[in-house]
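Number of protein chains: 2
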Amino acid sequence: MHSQKPVVPQPDSGLLRVRMNLAYDGGPFSGWAIQPGLLTVQGALEEALATLLRRPIRLTVAGRTDAGVHARGQVVHFDLEPGEWESLARGKMIDPSASLLRRLRGVVTKVLGGRVGAPVPYRDLAGAIEVHTAELAPIGFDARFSALWRRYSYRIADRAESWDPLTRNITLWHKHALDVDALNSAAERILGVNDYLSFCKPRQFSTTIRELQDFSFTRNNDGVVVATVRADAFCHNMVRALIGASLTVGAGEERPEWLHERLVAKVRDSKTILAPPHPLILEEVKYPDDAALSGRAEQTRALRTSED
Amino acid sequence: MHSQKPVVPQPDSGLLRVRMNLAYDGGPFSGWAIQPGLLTVQGALEEALATLLRRPIRLTVAGRTDAGVHARGQVVHFDLEPGEWESLARGKMIDPSASLLRRLRGVVTKVLGGRVGAPVPYRDLAGAIEVHTAELAPIGFDARFSALWRRYSYRIADRAESWDPLTRNITLWHKHALDVDALNSAAERILGVNDYLSFCKPRQFSTTIRELQDFSFTRNNDGVVVATVRADAFCHNMVRALIGASLTVGAGEERPEWLHERLVAKVRDSKTILAPPHPLILEEVKYPDDAALSGRAEQTRALRTSED
Chain A
1 MHSQKPVVPQ PDSGLLRVRM NLAYDGGPFS GWAIQPGLLT VQGALEEALA
51 TLLRRPIRLT VAGRTDAGVH ARGQVVHFDL EPGEWESLAR GKMIDPSASL
101 LRRLRGVVTK VLGGRVGAPV PYRDLAGAIE VHTAELAPIG FDARFSALWR
151 RYSYRIADRA ESWDPLTRNI TLWHKHALDV DALNSAAERI LGVNDYLSFC
201 KPRQFSTTIR ELQDFSFTRN NDGVVVATVR ADAFCHNMVR ALIGASLTVG
251 AGEERPEWLH ERLVAKVRDS KTILAPPHPL ILEEVKYPDD AALSGRAEQT
301 RALRTSED
Chain B
1 MHSQKPVVPQ PDSGLLRVRM NLAYDGGPFS GWAIQPGLLT VQGALEEALA
51 TLLRRPIRLT VAGRTDAGVH ARGQVVHFDL EPGEWESLAR GKMIDPSASL
101 LRRLRGVVTK VLGGRVGAPV PYRDLAGAIE VHTAELAPIG FDARFSALWR
151 RYSYRIADRA ESWDPLTRNI TLWHKHALDV DALNSAAERI LGVNDYLSFC
201 KPRQFSTTIR ELQDFSFTRN NDGVVVATVR ADAFCHNMVR ALIGASLTVG
251 AGEERPEWLH ERLVAKVRDS KTILAPPHPL ILEEVKYPDD AALSGRAEQT
301 RALRTSED
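Respectively, the protein sequence lines represent chains A and B. full-length UniProt numbering applies: residue 1 is where the first sequence begins, and numbers increase by one. full-length UniProt numbering applies: residue 1 is where the second sequence begins, and numbers increase by one.
Right, dumping it as structure tokens:
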């Protein structure tokens with residue numbers, strides 16, 4: 001989660017903005033954000049796009065996921081010259097959008113498979129990133145700053161009989177039985193617009209004030225407890241810190257009031273526990289109607305500088 | 001799926017039969033059945049039990065899954081001397097059953113992690129086998145021969161927007177849109193007691209007559225098509241051959257009647273296509289009430305010799 005200042009194309013910039021929806025298995029990656037020498041989702045995608053477009057492409061992302069964190073509903077954007085967009089169709093009578101999607105899938109597979117010194121076998125990387133749509137975005141769209149909210153899920157199997165090897169890559173195998181009512185009682189007390197410093201790894205010049213819109217726990221039919229966490233935006237490590245604190249309450253080690261006490265204390269100390277990353281999934285990013293996109297981006301940019 | 005003749009303890013044999021329910025990720029394994037030099041589920045479990053009990057243990061399994069095939073509801077049994085069972089509690093006032101389960105989990109983890117020359121990193125094997133229960137079985141129980149039926153599921157994502165990297169280990173990413181009505185129309189025509197030779201890799205001295213009790217397709221809310229296949233027992237490769245043939249019908253390349261035509265033709269030829277193993281999951285094995293266990297086992301043993 002590094003600082004980035006995306007260029008927002010104005011209606012008269014002449015650039016075309018492309019929006020892509022994608023999903024990835026965060027397991028094999030050192031997170032979203034590009035880092036020299038490490039396999040990252042951004043690095044793999046930008047390498048694939050550079051291969052396709054024969055020049056460097058910089059992606060702007062809705063949710064910069066940490067190492068091991070997954071996404072089902074990630075959104076990115078990048079900008080192209082109109083000629084570049086048209087050239088994607090290769091002069092044929094086909095849609096540049098469909099062509100980009102099809103060719104990008106092929107190149108991403110090659111980038112992941114052909115990586116020298118890949119830390120995991122190719123077998124594990126095939127299909128680890130799936131681009132679902134690649135289309136021209138409406139005027140004013142910004143994957144990061146136009147977003148109204150981000151929604152994450154977190155899966156916890158708190159009974160040994162629910163430990164399913166087939167979903168162990170996205171589920172916490174927890175040894176303490178959880179009280180879902182206590183979890184919800186704790187969670188609902190910290191909803192709203194608050195300073196979440198106690199649950200954030202703060203960044204210089206950045207606010208830790210966020211609007212937590214949904215924080216709730218449900219036990220599925222298969223016995224797995226799933227947390228839903230939705231906010232206008234998240235500061236660094238926020239979901240994992242919220243879940244980490246909740247597990248203490250869910251196991252009965254702290255009262256439900258404790259989460260709110262931590263919130264108002266505004267401290268980071270040894271009681272700040274990060275839950276593991278692998279059960280965390282970015283499920284959805286919500287944007288306003290087209291007409292409200294620019295306004296939303298201006299408003300958000302004024303509030304935040306280097307976080308989401 | 002090799003031949004095995006399990007010893008059935010009679011009420012007066014003095015042996016105690018232990019039933020275990022377990023689940024595994026078939027991905028890293030060369031199938032259930034033990035094979036020299038290969039990592040198999042049976043091999044790992046028998047190694048763990050031998051470590052625990054200080055003598056060789058031979059497991060009898062309900063469904064001998066092929067390489068790459070998974071299980072959520074696998075059932076096995078093995079026999080112990082009463083003294084061995086009691087010794088599991090290590091003289092403490094605890095239940096041998098709970099002690100076996102707890103210790104076996106630890107040893108299985110060590111066996112999987114400590115394997116020299118393991119073909120996949122330890123990270124991938126941790127949690128790949130999960131034993132859910134380990135209890136004394138009722139008189140007459142036989143994991144293989146007492147079973148009334150086996151139920152498998154098979155997951156197919158036939159739309160690119162449903163290709164989810166997080167479940168790619170258990171889902172077929174299929175490039176042709178499937179007609180679920182056509183699939184069901186084809187499937188229901190081959191239900192009942194039939195000779196499934198066209199869908200079986202036959203074994204010497206074995207019948208290929210089975211009772212196919214359920215064969216149906218449903219499109220889930222997430223767009224994934226899930227097949228359910230239930231039979232009293234399956235011959236070798238049967239589910240994958242049934243799915244392979246169905247995909248041809250589902251894509252409109254053959255009429256729904258074709259599946260039945262293949263059935264009555266009783267041939268194995270170039271049109272016998274095996275669907276990939278990784279989307280196949282043994283979900284459940286059903287046994288009769290305790291009183292009917294011995295009778296069921298005798299009945300089954302008379303019908304089949306080396307298959308299930």
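Glycine included, C-beta positions come from ideal geometry on N, C-alpha and C.
Taking CB distances under 9 Å as the criterion, tell me whether residue i reaches chain B.
i      : result
A/V116 : Unreliable placement is indicated for A/V116, whose pLDDT of 49 sits below 50; no coordinate value is reported for it.
A/D95  : no
A/I170 : yes
A/R103 : no
A/R72  : yes
A/L39  : no
A/K110 : no
A/A166 : Looking at the sequence provided, one finds Leu at residue 166 of chain A rather than Ala. For A/L166, the answer is yes, since a Cβ of chain B falls inside 9 Å of its Cβ.
A/A23  : yes
A/I243 : no
A/I281 : yes
A/W163 : yes
A/W173 : yes
Below 9 Å between beta carbons: does that hold for residue i and residue j?
i      : j      : result
B/G127 : B/V69  : no
A/A143 : A/T40  : no
B/A186 : B/E257 : yes
B/L293 : B/I139 : yes
A/L148 : A/K286 : yes
B/L15  : B/D79  : yes
B/Q74  : B/L282 : yes
A/Y152 : A/V249 : no
B/T272 : B/S198 : yes
A/N169 : A/D269 : no
Whose C-alpha, out of the options, is nearest the C-alpha of residue i?
i      : options                        : result
B/P277 : B/V225, B/T51, B/V249, B/I156  : B/I156
B/V225 : B/I243, B/C235, B/I209         : B/I243
A/A233 : A/G192, A/E135, A/A67          : A/G192
A/A33  : A/L52, A/T51, A/R64            : A/R64
A/S99  : A/T133, A/P82, A/R168, A/R72   : A/T133
A/D124 : A/G223, A/Q74, A/G27           : A/G27
B/I129 : B/D269, B/A44, B/A302, B/P138  : B/A44
B/A297 : B/H174, B/D289, B/S146         : B/S146
A/W85  : A/I281, A/F141, A/A137, A/L212 : A/A137
B/L53  : B/L274, B/R72, B/S87, B/L38    : B/S87
B/V76  : B/M238, B/F141, B/K266         : B/F141
A/R105 : B/W163, B/E81, B/V180          : B/W163
A/R262 : A/G252, A/A275, A/S246         : A/S246
A/A182 : A/R19, A/P36, A/S216           : A/S216
A/E254 : A/L166, A/A67, A/L178, A/T109  : A/L178
A/A241 : A/V267, A/K266, A/C200         : A/C200
A/I190 : A/K271, A/G295, A/A265, A/Q299 : A/A265
A/A71  : B/L259, B/G223, B/P165, B/V239 : B/P165
A/E211 : A/N194, A/D222, A/P202, A/G223 : A/N194
B/N184 : B/T218, B/P202, B/A251         : B/T218
A/H236 : A/L274, A/G223, A/N221         : A/L274
Could you name the residues of chain E that residue i contacts, counting a contact when the two beta carbons are closer than 7 Å?
i     : result
B/A89 : Annotation note: the requested chain E is absent from the structure, which comprises protein chains A and B.
Tell me which residue opens and which closes the alpha helix (DSSP H) that residue i is part of.
i      : result
A/V239 : 238-250
B/V41  : 41-53
A/A23  : Run containing A/A23: none in the alpha helix (DSSP H); it sits in the beta strand (DSSP E), 16-24.
A/L259 : 258-265
Counting only beta-carbon separations shorter than 9 Å, does residue i have a partner in chain A?
i      : result
B/V223 : The sequence given here has Gly at residue 223 of chain B, not Val. So, not an interface residue.
B/G68  : no
B/G127 : yes
B/Y122 : Bear in mind that a pLDDT of 45 at B/Y122, under 50, signals an unreliable position, so the model cannot answer this.
B/H132 : yes
B/F234 : no
B/A160 : yes
B/W32  : no
Name the two residues that bound the continuous beta strand (DSSP E) containing residue i.
i      : result
A/E211 : 209-219
A/A231 : 225-231
A/L280 : 280-286
- Item | Every unbroken beta strand (DSSP E) within the region 127-206 of chain B, with a cutoff of 3 residues, ordered by chain | 129-136, 149-157, 192-195
- Task: Just list the beta strand (DSSP E) runs in the region 60-97 of chain A, keeping only unbroken ones of 3 residues or longer that don't cross its boundaries, in chain order.
- Result: 70-80
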